[in-house]
Structures are given as C-alpha cells and as structure tokens.
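**Q** Under the UniProt record's numbering, the sequence shown has 219 at position 219, and the numbering climbs by one with no breaks.
Note that the Cβ used here is the ideal one computed from N, Cα and C, for glycine as well.
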Amino acid sequence: MSHTPSSPYDGRPRQFSSRGVMSTLLMILALVWFIKLQSLSHSQPAKGFKHPGRPPHLDTHYRTRTDFDIVLSMYREDPADVALNVTRILNTSSVASDYRIWIYIKADDVDIHTLASHFPHGRTHIIKRPNIGRDSETHLHHILSKWDDLARHTLFMQAGVDEYPGLPELLRRIESHFVQETGILNLGFVDICDCHACADPYWHDFSGLLPQTYALANRDAECEWLLMSYQAQFIASAARIRGAGQGVYRYLHSALVEPGSWAHQESYLSTTRTPSADSMNNPAIGFSVERLWMGIMQCSNLEEIANASIDLLASRKLEARRELQHLNTDFSPYAQKIKLLLASSNIPFYKCDQPAVLPRKDLEALGITYRRIPLLAVGKDVYIDSSKIIEIITTSLGKTRQSSSDKAFQVWGDTVFQEVLTLIPMKVLTPEFVKDRQTIFPLLNRPDLKTIRPSGLAQFQARLAEFEHQFLSQSTQEAPFIGGLKEIGLADIHAIWPIRWALNDLGAKNDVGVGKDVYPKVWRLLEMLPEANPKPEKTVSGDEAKEVILGSQYTAKELGIGKNDAFGLESGTEVTVESFDARPGSHPQFGRLVGTGVDESVVELKDNGVRLHFPRIGYLARFSGEVVIHYLASIRGIPPRWTAPLYCLAGNRQVVDSSLVSASKRRAYA
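(1) Assuming Ile373 and Ala335 make a contact with CB atoms under 8 angstroms, what is their CB distance in whole Å?
(2) In whole angstroms, what separates the C-alpha of Lys546 from that of Asp362?
(3) Give the DSSP-derived three-state secondary structure of Arg100 in the structure shown.
(4) Could you tell me which of Met426, Ser473, Glu466 sits nearest to Lys450, measuring between CA atoms?
(5) Determine the contact status of Glu558 and Gly591, defining contact as a CB-CB distance below 8 angstroms.
(6) Could you check how far apart the C-beta atoms of Gly618 and His494 are, in whole angstroms? I think they sit under 8 angstroms.
(7) Could you name the residues of the same chain whose beta carbon sits closer than 6 angstroms to that of Val289, not counting the 5 residues immediately before and after it, in chain order?
(8) Pull up the distance between the alpha-carbon of Phe417 and that of Asp385, whole angstroms please.
(9) What are the boundary residues of the beta strand (DSSP E) that Arg592 is part of?
(10) Name the one or two DSSP bridge partners that Gly379 has.
(11) With three or more C-beta pairs closer than 8 angstroms as the rule, is the segment 485-503 touching the segment 399-413?
(12) Does Leu25 pass the burial test, meaning 16 or more other C-beta atoms within 10 Å, or should it be called exposed?
(13) Can Asp381 and Thr555 be called in contact, C-beta distance under 8 angstroms?
(14) Give every residue of the same chain whose Cβ lies closer than 7 angstroms to the Cβ of Arg371, excluding the five residues on either side of it in the sequence, and list them in chain order.
(15) Are the segment 237-249 and the segment 172-184 touching, with three or more C-beta to C-beta distances below 8 angstroms?
(16) Can you tell me where the beta strand (DSSP E) holding Val575 begins and where it ends?
(17) Got a sec? Which residues, its chain only, sit under 8 angstroms from Asp98 by beta carbon, not counting five neighbours each side?
(18) Cβ of Leu341 within 8 angstroms of Cβ of Ile393?
(19) Taking 8 angstroms as the threshold, find out whether the segment 123-138 comes into contact with the segment 256-267 through three or more Cβ pairs.
(20) Could you give the uninterrupted runs of the alpha helix (DSSP H) lying entirely in the segment 213-240, keeping only those of 4 residues or more?
(21) Quick check: what's the CA-CA separation for Ser93 versus Ala83?
(22) Return no unless some Cβ of chain D is closer than 8 angstroms to the Cβ of Ser579.
(23) Just to confirm, is the Cβ distance from Arg123 to Ile101 under 8 angstroms?
(24) Express the C-alpha separation of Val603 and His613 in angstroms, rounding to a whole number.
(25) Where do the ends of the alpha helix (DSSP H) carrying Val95 lie?
(26) Tell me the DSSP bridge mates of Lys563?
(27) Do you know whose CA, among Ile105, Lys486, Leu170, lies nearest Val86's CA?
(28) Do you know whose CA, among Thr400, Tyr383, Thr138, Leu155, lies nearest Asn282's CA?
(29) With a Cβ-Cβ cutoff of 8 angstroms, do Met294 and Ser229 count as a contact?
(30) Put Pro615 into one of helix, strand or coil per three-state DSSP.
(31) Measure the alpha-carbon distance for Glu478 versus Pro348 and round it to whole angstroms.
(32) Just mark His121 as buried or exposed, buried being the case when its beta carbon has 16 or more other beta carbons within 10 Å.
(33) Taking only three categories from DSSP, how would you classify Leu185?
Take a look at the structure:
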C-alpha cells in the first residue's frame, strides 16, 4: 500500500515508481564513465578547497570544548589492530592533539576492561550498544546523545578498515584534504544517482525516503542528484552536523531501532532491494541511510558535485573518463564473471546483442579474428582474456577489495570451471554449439560425455564443501564474504563465478546434495551478489559500438618492445597470436607487434589501428610468416615449392591475414 504523507515528518516515506533492473541475453556491453558527470573539472583542488555551490545551513553559534573526536562502530574486531589504526590516524599532521575516542561496542561478549587497555587512558570512552541498526545507528546515536558535546570535527568510521579504500587511502585523504575549515570530508567511496530513482547493483530504495530525508536536512530543498556515500566513513564539522537540525537524525534513528516502525513494515520493504533480508541488526533501511550521509550533511547538490575533487568523488579514476566497450554473450561464464566485477565496482555500461556462436560480425568488422569473449575496449585499446580485463578494471577503472590471496582463488575458480563442464545439460550440446566450442573445450568431444555427469556432480559437491568449510569458515550473517568480511572482494569474485554458473545456468541447483540445507554459507554469499546481468545504461547496435571504438583515442601507455624480450622481434613485426590451449591455427589473430611488457603483448590491427592487449601467460606470439609455413606444412600433400614463396610473401607483406592461409590451402588442393 502506497503512502503519500503531507509532510516528511509523519514517519513514512513517499512512494515513487520503480525502475526495474532488466537483464538481456547475448550482448556486447559498452561501459561509460559517469555520463552524468561530463562537466566535471579535471584539476586537482588544493587542500581545503571550498565548493562554490549552494551554501549549507551551518550552526555558527555552537561552541565546542574539544577539537577532534573519533567515533568507532565496533563489533568483534581485533582491538590491537583497531588501536593501531586509531594511532596512525591521530599521528597525521591534520588531526589536533585535543582529541577523544568514542567506541560503541555492539558485541555482548567483549570485555570492556580488556578492550580499554589498548587505547589511551582518559581519552577513550567505551559504550555498549545493542547490536541493531548497522554502523549508521552508531553515528546517529552519537550525534543525538552528544548534541551539545560534539567536537569541532568528528571522524565517523567502522572499526575495521581493511576494506576499500583501506587505511592507507584513508590516511592519505585526511593528510591531503582535512583542514580546520572542512565541513564534510568523505572517506569511503561514492557514486551519483537520480535522487528519485536511486539504485546500485546491490540496492535500491524507491520508497521516496531519499528525497524526503534530503528535504528534511536541507530546509525543504529539492533533491535532484544524490551523492551516494558508502561505508559510513567521513569527517564532519559540528557546525554542519547541527546545521541539519536534530529532526532528521531522530527521524532516521527511530526508523532504524524501533521494531514497529514503518521501516520494518512490508509497505516499505517491498520498495527496496538490499543484499540481505530485513532484521534489527541488519535493517534494510540501514543500507539507504549509509548512502544518504552526504545528502544529510548538505553536500549533494549538482554544483558541489561538479566542482568536487575528482580524487574524493569516486572509487574509480574518473580523470580517465574513457569510452569503454565490453563484448560478450550472457551465457558465457567468463562474461558473467566480468559483469560480476563490473557490478561490484559500480561501473555503468552500454550493451549490444551478439550471437552465442560464430560468426560474430561485429568483431569481424573490427578485424578481430580471435574467437573468445569477453573482450573489453578502453578507447581504442581492446583487452583480451578475462585476466587482462580484470587487471584493467581493478587498476584503472574501479575499486574492488584485493588481497595477496587473490591469485590463488583465481586458480581455484578456473579449475572448478573446467570441472563443471561435465555438468552441461545434453540439450545444450547441439551440433552447432559443439562445433563452435570444440576447438577450445575438447571435453565436449568425449564420446562418453553422457555417462560422466554423476562423477562430475560428486566432484562439484566436494568443491562446494571446500568453499563452505574452508573459504567461508569465518563468515557470518553480517559478514558473509571470504575471510568473514562485510563487502565483496576480488577473491570472492574469482571463486564464486563458476559455482553460480553451474548452479543457475547448468541447472545443478536442482540436483541433490547442493542446497541451502547442506551449504548455507555458500548460498548466503550467492544471495548477496549483484544480479548476473545488471541493467545497462543504454542498448547500442554493432555499428554504434564500432563507431565508438574507432572514434576513440588510445588510452594505454605506450610500451615499446621490452629490453631482452623473449620474443626476439622488433616493433612493427607482423605476428599472429593464439592461445596455448586451443587447437593450433584454429583462430589466430594477425597484426603488428607494437609493444611488450612483463605481462602483456600489444598487437595493432592493420586497417584501423585498434590495439589488442594479450596476456603473456597462456598465449603464444610468432612471426606470421612462420605460422603460415607451419600451418601449411601440416596439411598432407602440399608440395615444398609452395612453402618458400609463401614465406617470402609473408615476410614482405604489410600484414598477413587469414585469407592468405585459406587461399593457399585451396591452391594446394587444386
């Protein structure tokens, strides 16, 4: 039932229409940077930069007794680690020596005296709170209970800061941007959305809560664009906190903590999407409040966003703002993995439908003969293989929590993918599909494929057991990811993608011994993931995708040929590149070698200058003339007289293309 209150004070959010998140099969995804932010300044503002937007309402009459407070929302984090992090924050040059530490502990079994022994005596206040309302309840409670005792500036944060952006980035932002004149400084990552249709891959709230709360904190100002904050980590001045008025904090706090409030009723919950079901310790509205802090602190109007520091605005490197294209089909498991990473990194995208099997006319039109997808184009640079795509996303385009164990989880996930191929339903294996995939998945050609599925299922169950009892041994309802963490990381993505593909796309979820009753932690993690096919920003045709790529500039750094490069080839040499695990000569990519590095080879296409970036691991690159000779020599009956001319021809041509091979074969057999 919709609620339409006459004012924002009646405790119920207004109702707005939902914008559904649609998924489409067989697509090319084209990603674009924050198209809403095309007017962003690219200059790095100086420390203490002031926004020229609408002036905030400040309480300039309030006088404080303390310069700096740290407010920690703590559960069962290691107190020694937390104390060390606090010490590093206090040691930054920007933080005043007159400080207090407020620890709100939400675990009943933590000993207060032991906890207090890790922190400065006389400056630390430890307060037990019920485990309700997430981190935002802690912040709201502190603001309301210390309304007349707020420090000049308060740092609100989670006790655990191992997730993105991590402590080093948090310290850098404080050191670089925090000054005495700071009103609000975000220390998490942010995104921007239409206030009346706000959503991300994990969440949406179409109840009207966001514009209503914004109006309450901003003197009835209309909310158009909302600067969404994540992780509830920020520094705010007392003048700005109090300038919003107590009403907005009371309104949100009562909604969080009162079991009978509108925020826990189906009329509100039906308008939201959150990573987990509503509960008092993890309420659905808590995810909305987390994203509202910049709006509450009067830092969300469009002029402020447009003039804000790029460095503080996003988890991504917005200064690049490049045209991106992700080419894939929905059934492709590796494409699903990349989309999971894109969704987890909050990167928007365009899409263009593509067939699941060859031919793929859009790739051919670009001169790309390498057959596997997904591919990712960043400007005029196209990245081949999911390993290169993940590298460019995590280093240049987005931010996902990483760890030293990521590579091990990647190997585990790739191994499981090869194993679950034994679960492919026979109805999928049409002659066209098998013919299309047989050069890259030899398993599909096994004559006994129909008889090995029971063994494949047993193997899959063993992998689920590993995931449940080893990888997720520390996970909880509130922290469901690998290592017992609250936010998804690259390790989770590396490990979970073949599990989800096998369960959903291969139908393994209908088999015995793989359900929630057996592996509850695995299924809880799966339920926390973004949708498999997140909603695109726009649908484009193949011609439009090609136009974007060819009309873009190079975005990757020029490599040149590395010193002591193992290929022994000069820049400009005509080469072919193939994957080691495919049938030799089945789908070679021809081009000119223009760059090599420790982990990549860069090949430029002849006709349009598009540059393809291949990983070093798993791929072979050779002088194209040698490839032609070796390929033709393998064909029985070709006289030697044909091979020498072809070698010379290959060595003198600008680029040897696939038509040379096919024409030579026809001549040989004639």
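**A** Quick look at the numbers:
(1) 6 angstroms
(2) 7 angstroms
(3) strand
(4) Met426
(5) No, the pair does not count as a contact, with Cβ atoms beyond the cut-off.
(6) With 8 angstroms as the limit, Gly618 and His494 do not qualify as a contact, their Cβ atoms being about 16 angstroms apart.
(7) Ser136, Leu252
(8) 15 angstroms
(9) Following the DSSP letters along the chain, one finds Arg592 inside the beta strand (DSSP E) bounded by residues 589-596.
(10) Partner(s): none; Gly379 has no beta bridge.
(11) yes
(12) Note that Leu25 has pLDDT 26, beneath the 50 cutoff, so the model's placement of it is unreliable and the number below is only indicative. With fewer than 16 Cβ atoms within 10 Å of its Cβ, Leu25 is classed as exposed.
(13) yes
(14) Answer for Arg371: Leu358, His587, listed in chain order.
(15) The answer is yes - the segment 172-184 touches the segment 237-249, with three or more Cβ pairs under 8 angstroms.
(16) From DSSP, the beta strand (DSSP E) with Val575 extends over 574-579.
(17) Thr66, Asp67, Phe68
(18) yes
(19) yes
(20) none
(21) 18 angstroms
(22) Here chain D cannot be found, since the structure has a single protein chain.
(23) yes
(24) Each residue's Cα considered, the two are about 7 angstroms apart.
(25) First-last for Val95: undefined, no H or E at that position.
(26) Paired residues: none, contrary to the question.
(27) Relative to Val86, the option among Ile105, Lys486, Leu170 whose CA is nearest is Leu170.
(28) Checked all of Thr400, Tyr383, Thr138, Leu155; the closest Cα to Asn282 is Thr138.
(29) yes
(30) strand
(31) 27 angstroms
(32) exposed
(33) strand
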